[in-house]
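Some notes on the structure that comes next.
Protein chains: 2
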Amino acid sequence: MIGKSIQPEIRALIDARDFTTLKEIFADWYPADLAELIDDLPDEDEAIIFRLLPRKLAAQTYEYLELEKQKSLLKAMGQEQVAAILNDMAPDDRTALFEELPSAAVQQLISLLTPEERATAQSLLNYPEDSIGRLMTPDYIAVRRDWNVQDVLNFVRANGSDKETLNVVYVVDDKGKLIDDIRMREFLLAPLDKQVSEMMDENFVSLPVHADKEAAVEVFKKYNRTALPVVDSDEHLVGIVTVDDVLQVQEEETTEDIQKIGGMEALDEPYLEISLLQMVKKRAGWLVILFVGEMLTATAMGFFEHEIAKAVVLALFVPLIISSGGNAGSQASTLIIRAMALGEVTLATWWGVMKREIIAGLSLGCILGVIGFMRIAGWTLFSDIYGAYWLLVAFTVSFSLIGVVLWGSLAGSMMPFILKKFGADPAASSAPFVATLVDVTGLVIYFSVAFMILRGTLL
Amino acid sequence: MIGKSIQPEIRALIDARDFTTLKEIFADWYPADLAELIDDLPDEDEAIIFRLLPRKLAAQTYEYLELEKQKSLLKAMGQEQVAAILNDMAPDDRTALFEELPSAAVQQLISLLTPEERATAQSLLNYPEDSIGRLMTPDYIAVRRDWNVQDVLNFVRANGSDKETLNVVYVVDDKGKLIDDIRMREFLLAPLDKQVSEMMDENFVSLPVHADKEAAVEVFKKYNRTALPVVDSDEHLVGIVTVDDVLQVQEEETTEDIQKIGGMEALDEPYLEISLLQMVKKRAGWLVILFVGEMLTATAMGFFEHEIAKAVVLALFVPLIISSGGNAGSQASTLIIRAMALGEVTLATWWGVMKREIIAGLSLGCILGVIGFMRIAGWTLFSDIYGAYWLLVAFTVSFSLIGVVLWGSLAGSMMPFILKKFGADPAASSAPFVATLVDVTGLVIYFSVAFMILRGTLL
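Protein chains in written order, with my numbering: chain S, 76 to 534; chain F, 76 to 534.
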């Protein structure tokens, strides 16, 4: 079985308002399944489900919901229920929710917390936005070097129930300084009388609390951990970050990359939730820049106005030729941007990439050139649209295609390198950006080829 | 400290061939750091490092390397060393390596394994490619319902050392059927005399061994687990999948999506490693389709040939207008493809999306329309290029921009819905695809507007 789908019986019980039965059923469910059920329910039934759940399960289910759903539920639930859930939530998930709310609302919600939880919540919110401090939770297991395995297991059994993870245990000195991390696995496999100090290698990876969230993604990826300790500038252990929070950061980063590849600023909010004005702003910026760049095509075309007037047939192929260059460029830039994000391609390998793109661009250009030639030759059999010099026109189009596709591949593949070299985000060399660049130069290539081939005949 | 950077001293020791000191230093290192060091070293030194590592650490370090690096090392290392590493590797990582090698090489390597490891390796390779069976490892902890917590902890201490994870323990009946999963956390927190049967809720999530790899990503995401059990069609436990393997599958999926957005088939191999012929093939397919589609622009332009001959000025703005529509479409389709991949937008919400895009498209179109108008008006002050009817030309360009940008936004946002509705991958509605679609219709919009505004004057 993959998961548990929302059975029609559940819906029937909700419609029948049979809360006693539902309460029994839900007690056995996973938070993830309850969250899915709540997502599917009409708004007015959502708060009811929460009232049927045991306290701890209610908090866990709430943690699983999307932030937007969490926000709307805050309004639908009574104050007592909100207080219960907020006090039982994991501190890191609670910080993520508070980040999304206006500060007046946050102050009000914090006043519902117990003094202990309030102190935790406020200290986490004191860390800068986008810092690792905002991702962490202070619920970890810390042990001393003079304990033995049995001591550690006893300590965990007595104090572990509210900890975010028991997979890793942290060794601190009497000043709270982090001196090692040891996986629970080691304790489960070691003899019970072994000393913690014997198990230590004093070799550990930690995250600085003020570092950027995105730095955590790299470290988690490299060391393949489920949790990492967070330390302040004096190396004191202040919290841990778990992999689920980091995955969310990574997903957001990828979304930003994809949106930039699409030729706009990253939205930073889900499509259906961002305000229309915000979205138009984020899209208009790049659209206007591209438009202004593309105006050069009108200038370039104006430069060739007399040629077009003499041979209108040339104008017919303008969109075909420049768009082929743009498409080839879009392919190349997308490939390189992603390969850079995955670390497959680095600045140093630009020459290897360029060699590949010269061959790939020439091959692709020849393929399109041949098809373009056949198209013009084929059409000529049935119509007179390309006139007496159709063969020369066909050669002009073919050679231009080879040149433009080669140029598109080169510009598209090199632009991410150039941007990265100058400290900009390679993902900004979006398909539309490269297409615009290639459009202008593509026109120059096309009309130059035309001038060489058609001089003395059409031109 | 974030990680451990490769100190110049290490390089000095390698250059000095001081292997005794290196051996001591490396014994304390993390596999991830060793792997990074090896990535940075010249090829001829790589195999040497492995000879300096303790057996277990050598296998763990090897697991961390990229598949391509693993392949090249196989050739550089002696047979004895290869045998040691392959026998100590985690079965799931070994399967991933075997998948990349020609079958003759795999047969040869399998013959180096101990009989036990050979049986494991062969049974994993028997599962279909892209199935969950290829991702799993049979190294898990299985316990019985009549044991108590102390029994389980004793069993783990005696048998756990080669298991992929100790974070979850699986309860099976005497036929090997999976009846529950219990997190190690529960055992660490429960009284030692508690029965396993008392801890069971018989509520678990499992993956079918023949299901597609991509299905595993969804389940891991939903339930937020670090490991999930895999069962055959009789519900027997056959292995487990851990989150690190699933993350890799997810990364590959995102890469496919991004490459499709860039207007090509997914490469399925790293950019610098795929053969040039393969890459050209994967890019040529879509490029030719787009080219053939774009040929309609030549047809459409041919249809308006007489208008262009009468008013060459019209041709000047063709690239500007159609590319603006393409850019708007690229933004819209990228946004919707990503929102669909994240589950933010579903088929049912198409009307909400369309309403947003109508407003966004009109706003963006008006912004570009105003800029375009000012450009033509401004140029006219200094040159006569747009002729006596420049005002009418400016209106033609402005209104066309509004129409084309609106149409681009609508086409770009709706295309992913249409593809998904018909069972295709929404990511195929790439920026180049939408641009091509919009180019052809954009021309029709432009010349229709021109005909209405300029009839009786220029046309």
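Each residue gets a CB set at the ideal place from its N, CA and C atoms; glycine is no exception.
Being a predicted model, the structure only gives us computed values, none of them experimental.
Quick check on this structure: which residue in the options has the alpha carbon closest to the alpha carbon of residue i?
{"i": "S:S488", "options": "S:V515, S:M449 and S:L422", "result": "S:L422"}
{"i": "F:G404", "options": "S:G517, S:G337 and S:D307", "result": "S:G337"}
{"i": "S:L347", "options": "F:L149, F:E432, F:A151 and F:F448", "result": "F:E432"}
{"i": "F:T409", "options": "S:E331, S:Y464, S:A265 and S:L518", "result": "S:E331"}
{"i": "S:I528", "options": "S:S505, S:L199 and S:F474", "result": "S:F474"}
{"i": "S:R258", "options": "S:K297, S:A302 and S:A290", "result": "S:A302"}
{"i": "F:L184", "options": "F:P213, F:K150, F:I315 and F:I397", "result": "F:K150"}
{"i": "S:P501", "options": "S:L534, S:P491, S:I442 and S:K430", "result": "S:P491"}
{"i": "S:E84", "options": "S:G208, S:D205, S:T511 and S:L112", "result": "S:L112"}
{"i": "F:G462", "options": "F:N278, F:T532 and F:L494", "result": "F:T532"}
{"i": "F:V524", "options": "F:G235, F:R92 and F:T471", "result": "F:T471"}
{"i": "F:K430", "options": "F:L518, F:L161 and F:A407", "result": "F:A407"}
{"i": "S:A503", "options": "S:R450, S:L466, S:V445 and S:I411", "result": "S:I411"}
{"i": "F:F522", "options": "F:G377, F:D93, F:T455 and F:D118", "result": "F:G377"}
{"i": "S:S236", "options": "F:S236, F:G208, F:L228 and F:P266", "result": "F:P266"}
{"i": "S:T511", "options": "F:E340, F:S398 and F:Y202", "result": "F:S398"}
{"i": "F:A105", "options": "S:L188, S:N299 and S:L176", "result": "It should be noted that the sequence gives Tyr, not Ala, for residue 105 of chain F. Residue S:N299 is the option with its Cα nearest to F:Y105."}
Below 8 Å on the Cβ atoms is my contact criterion, and I expect residue i with residue j to pass it. Report the Cβ-Cβ distance as a whole number of Å.
{"i": "F:Q334", "j": "F:L322", "result": "Not quite, the Cβ-Cβ distance comes to about 19 Å (not below 8 Å), so this is no contact."}
{"i": "F:G400", "j": "F:G483", "result": "4 Å"}
{"i": "F:F101", "j": "F:L128", "result": "6 Å"}
{"i": "S:L516", "j": "F:L395", "result": "The residue you asked about is not Leu; residue 516 of chain S is Thr in the sequence shown. Not a contact, Cβ separation roughly 15 Å."}
{"i": "S:L476", "j": "S:G444", "result": "4 Å"}
{"i": "S:E165", "j": "S:E138", "result": "Note on identity: in this sequence residue 165 of chain S is Ala, with Glu being the wrong assignment. Contact holds; Cβ gap of about 6 Å."}
Between the beta-carbon of residue i and the beta-carbon of residue j, is there less than 7 Å?
{"i": "S:D268", "j": "S:N223", "result": "yes"}
{"i": "S:V244", "j": "S:I216", "result": "yes"}
{"i": "S:D163", "j": "S:A134", "result": "yes"}
{"i": "S:S88", "j": "S:T96", "result": "It should be pointed out that residue 88 of chain S corresponds to Leu in this sequence rather than to Ser. Going by C-beta atoms, S:L88 is nearer than 7 Å to S:T96."}
{"i": "S:A45", "j": "S:F448", "result": "Given that chain S is displayed from residue 76 to residue 534, the structure contains no residue 45 of chain S and the question cannot be resolved."}
{"i": "S:S438", "j": "F:V355", "result": "yes"}
{"i": "F:R220", "j": "F:V271", "result": "yes"}
{"i": "F:I442", "j": "S:A499", "result": "no"}
{"i": "F:V388", "j": "F:G440", "result": "no"}
{"i": "F:L263", "j": "S:L241", "result": "yes"}
{"i": "F:T212", "j": "F:D255", "result": "no"}
{"i": "S:V324", "j": "S:K288", "result": "yes"}
{"i": "F:V20", "j": "F:F295", "result": "Since the first residue shown for chain F is 76 and the last is 534, residue 20 of chain F is missing from the structure and cannot be characterised."}
{"i": "S:V305", "j": "S:V313", "result": "yes"}
Can you look up residue i in the DSSP assignment and give me helix, strand or coil?
{"i": "S:I213", "result": "Residue identity check: residue 213 of chain S is Pro in the sequence provided, not Ile. Residue state, collapsed to three classes: coil."}
{"i": "F:V387", "result": "coil"}
{"i": "S:N223", "result": "strand"}
{"i": "F:L264", "result": "helix"}
{"i": "F:K79", "result": "Caution applies to F:K79, whose pLDDT of 46 falls short of 50 and renders its modelled position unreliable; the model cannot decide the point."}
{"i": "S:D256", "result": "strand"}
{"i": "F:Y245", "result": "strand"}
{"i": "S:V218", "result": "strand"}
{"i": "F:S484", "result": "helix"}
{"i": "F:S178", "result": "helix"}
{"i": "F:S505", "result": "coil"}
{"i": "F:S350", "result": "coil"}
{"i": "S:S458", "result": "coil"}
{"i": "F:S186", "result": "coil"}
{"i": "S:S438", "result": "helix"}
{"i": "S:S408", "result": "helix"}
{"i": "S:S475", "result": "helix"}
{"i": "F:S206", "result": "strand"}
{"i": "S:E432", "result": "helix"}
{"i": "S:D168", "result": "helix"}
{"i": "F:K495", "result": "helix"}
{"i": "S:A359", "result": "helix"}
For the ligand NAP, is there a heavy atom less than 6 Å away from the beta-carbon of residue i?
{"i": "S:V363", "result": "The ligand NAP is not part of this structure, which contains no ligands at all."}
Quick one: which unbroken alpha helix (DSSP H) runs of 4-plus residues sit fully inside the region 266–334 of chain F? Chain order, please.
List check, alpha helix (DSSP H) in window: 271–274 and 288–298.
Quick check on the DSSP output: what are the complete alpha helix (DSSP H) runs of length 4 or more inside the region 85–154 of chain S, in order along the chain?
Counting only runs of 4+ residues, the alpha helix (DSSP H) found wholly inside the region 85–154 of chain S occupies 94–101, 106–115, 118–127, 130–139 and 142–151, in chain order.
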